[in-house]
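Student: In the numbering used here, the protein residues as written are 41 to 292.
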Ligand SMILES: [Zn+2]
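1) For the putative contact between residue 75 and residue 88, defined by C-beta atoms under 8 Å, what is the C-beta separation to the nearest angstrom?
2) Straight-line CA distance for residue 255 to residue 50?
3) Mind checking residue 137: buried by the 16 CB within 10 Å criterion, or exposed?
4) Answer yes or no: do residue 172 and residue 211 have a C-beta to C-beta separation smaller than 9 Å?
5) By the 10 Å Cβ neighbour count, where 16 or more other Cβ atoms means buried, how is residue 112 classified, buried or exposed?
6) In three-state DSSP terms, what is residue 242?
7) Ligand 1 and residue 284: does any heavy atom of the ligand fall closer than 8 Å to the residue's C-beta?
8) Closer than 8 Å: is that where the CB of residue 125 sits relative to any heavy atom of ligand 1?
9) Please say whether residue 164 and residue 231 have beta carbons closer to each other than 9 Å?
10) In three-state DSSP terms, what is residue 264?
11) Taking the alpha helix (DSSP H) that residue 220 belongs to, which residues open and close that run?
12) Where does residue 54 fall in DSSP's three states?
13) For residue 134, is the beta carbon positioned less than 8 Å from some heavy atom of ligand 1?
14) Can you name the residues that DSSP bridges to residue 46?
15) Please look up how many angstroms separate the CB atoms of residue 224 and residue 285, rounded, as I've assumed it's under 8 Å.
16) Distance cutoff 9 Å, beta carbons only. Does residue 204 sit that close to anything in chain B?
17) Can you round the beta-carbon distance between residue 193 and residue 219 to whole angstroms, since I take them to be within the 8 Å contact cut?
18) Hey, out of 115, 132, 261, 236, whose CA is closest to residue 121's CA?
19) Using the Cα positions of residue 289 and residue 135, report the straight-line distance between them to the nearest angstrom.
20) Run through DSSP, which three-state label would residue 108 get?
21) Which partner residues does residue 286 have in the DSSP bridge list?
22) Reducing DSSP to helix, strand and coil, say where residue 275 ends up.
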């Protein structure tokens, strides 16, 4: 293979020429980073490795390297010496206190799952209620107006029933849409939470999303005991998590 590549090390010194195999080894050894300037006659100018022809060759290697340098909390890429390791999790200095707090709050199992505890889940839930309330504003207005047209009649009861059903449909669709698409409702996302299945996979089926909605209503009807058991469960499961075999975890 042609000796066609040069690179500039961090101190600005040119090295080379090397062939592609050697360049690949440099990447593995960590001497070449995505932003290392590289030159070849064909290329005709200095370019970042990630923008050169070599980028295609090294895409997997760089990906793996990036994964090692990623803060597990904010997913920003840092230099290895700026990352601290807490219980085996690489983490940047900025996120360190947050990660420590989360590790204290939630239980941790191998694979670094941190479960969402009672309070953060309550806040996420309140946020979801507010969002659903906003989505329902047009229906609520229509509901109030139509009630004023038919005071105290059989139609009133029908309107109330229709509104009740409609609210439920909105709730079900809300759950199905967000859980199948993002494995999290907007409230959960806002707090960095998401759902996983008991086997650790993230893909939530629409049947499960729907079932979870009704299981949640059931837990709510029992004086919110369905929610309160989160406090006592080692995997922070609510009743609807038990019934649907789901866990609420921190996703970032
Ligand atoms: Zn971070």
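In this text, a Cβ means the ideal position worked out from N, Cα and C, and glycines have one as well.
Tutor: In brief:
1) 5 Å
2) A straight line joining the alpha-carbon of residue 255 with that of residue 50 spans about 58 Å.
3) exposed
4) yes
5) It is buried - the Cβ of residue 112 has at least 16 other Cβ atoms within 10 Å.
6) coil
7) Not under cutoff, so the answer is no.
8) no
9) yes
10) coil
11) 194 to 222
12) strand
13) yes
14) 79
15) Between residue 224 and residue 285, the beta carbon gap of about 17 Å keeps them out of contact (Cβ cut-off 8 Å).
16) Annotation note: the requested chain B is absent from the structure, which comprises a single protein chain.
17) 39 Å between Cβ atoms; not a contact.
18) The option with the nearest alpha carbon to residue 121 is 132.
19) 17 Å
20) helix
21) 237
22) Looking at residue 275 - three-state DSSP - the assignment turns out to be coil, as it is neither helix nor strand.
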